[in-house]
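For reference, each letter of the sequence shown is one residue, going 11 to 246 in the numbering used here.
Each residue gets a CB set at the ideal place from its N, CA and C atoms; glycine is no exception.
Notes to accompany the following structure.
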Amino acid sequence: MTALKICLTALLSIAELFLLTKLMGKRQLSQMSLFDYINGITIGSIAAEMAISPIDEFWIPAIALAVYCIVAVILSVLTNKSIKFRRIFSGKAIILMDNDKIFRGNLSKAKLDVNEFLCQCRLAGYFNIDDLQTVILEENGQLSFLPKSDKRPINNSDLNLSPAKETAPIVFISDGKILHDNLESCGKNEIWLREQLKDGNFPPIEKIFLAVCENDSNKLYVYEMNDNQMSRDIFS
Numbered sequence: 011m012t013a014l015k016i017c018l019t020a021l022l023s024i025a026e027l028f029l030l031t032k033l034m035g036k037r038q039l040s041q042m043s044l045f046d047y048i049n050g051i052t053i054g055s056i057a058a059e060m061a062i063s064p065i066d067e068f069w070i071p072a073i074a075l076a077v078y079c080i081v082a083v084i085l086s087v088l089t090n091k092s093i094k095f096r097r098i099f100s101g102k103a104i105i106l107m108d109n110d111k112i113f114r115g116n117l118s119k120a121k122l123d124v125n126e127f128l129c130q131c132r133l134a135g136y137f138n139i140d141d142l143q144t145v146i147l148e149e150n151g152q153l154s155f156l157p158k159s160d161k162r163p164i165n166n167s168d169l170n171l172s173p174a175k176e177t178a179p180i181v182f183i184s185d186g187k188i189l190h191d192n193l194e195s196c197g198k199n200e201i202w203l204r205e206q207l208k209d210g211n212f213p214p215i216e217k218i219f220l221a222v223c224e225n226d227s228n229k230l231y232v233y234e235m236n237d238n239q240m241s242r243d244i245f246s
């Protein structure tokens, strides 16, 4: 019976945690602010306690979990409407380097030493910091890099080119199953898909692992089922 009760309370905690996370939004899944990080850890700890709480005491951590969620939602609303609240709870960006000057005081404020700063620059692909115009520590703890104008990659506007607009390929078959909604969203149907597969001498649908289509050109890319494993480890 004890094991059954733990299974029940665990399922209930998972259900509540899922619903509250949906309420708080996808921010909990992305790069978090300091408050989001603290809130996420605390909610996880309370959810773990809920999973092993007796049935008659299940409501205690459940209420605490709901309170944390409500506070998070309220603070989210306040930070969206007030710059002052936003700076208090989310922080603000810090300029670490600009115009060939590294600001030691800002590095200290950001709790970064020069070695870690250089490491982050290298991870971003800038082994020579002289290539950088500005480096900013963002609110979520990530560094943003603005290269100097003569060091940034050449783009189409620099060459006065106007390439055709591209759209993301759409998945039509996944794991041997036709995704009819995706077909309909492109104005196509299963008959069209089967004709394309037949014309391209592709295997039957149930043997196709993935099929994607370029919406502009109607070009179909098909990947067959393959349960074999790569025996060669070329990256070690």
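- Note that the C-beta distance between Thr177 and Asn225 is below 8 angstroms.
- About 6 angstroms separates the CB atoms of Ile105 and Ile146; that is less than 8 angstroms, so the two are in contact.
- The distance from the Cβ of Asp141 to that of Pro157 is about 6 angstroms, consistent with a contact at the 8 angstroms cut-off.
- Less than 8 angstroms separates the beta-carbon of Leu75 from that of Ile56.
- Leaving aside the five residues that flank Asp209 on each side, none in its chain has a CB nearer than 8 angstroms to its CB.
- Tyr78 carries a helical assignment under DSSP once its states are collapsed to helix, strand and coil.
- Here Val232 is buried: its Cβ has 16 or more other Cβ atoms, across all protein chains shown, within 10 Å.
- Just so you know, the alpha carbons of Asn150 and Ser86 end up roughly 15 angstroms apart.
- With three or more CB-CB distances shorter than 8 angstroms, the segment 178-195 counts as touching the segment 210-218.
- One Cα belongs to Gln206, the other to Ile70, and the distance between them is close to 59 angstroms.
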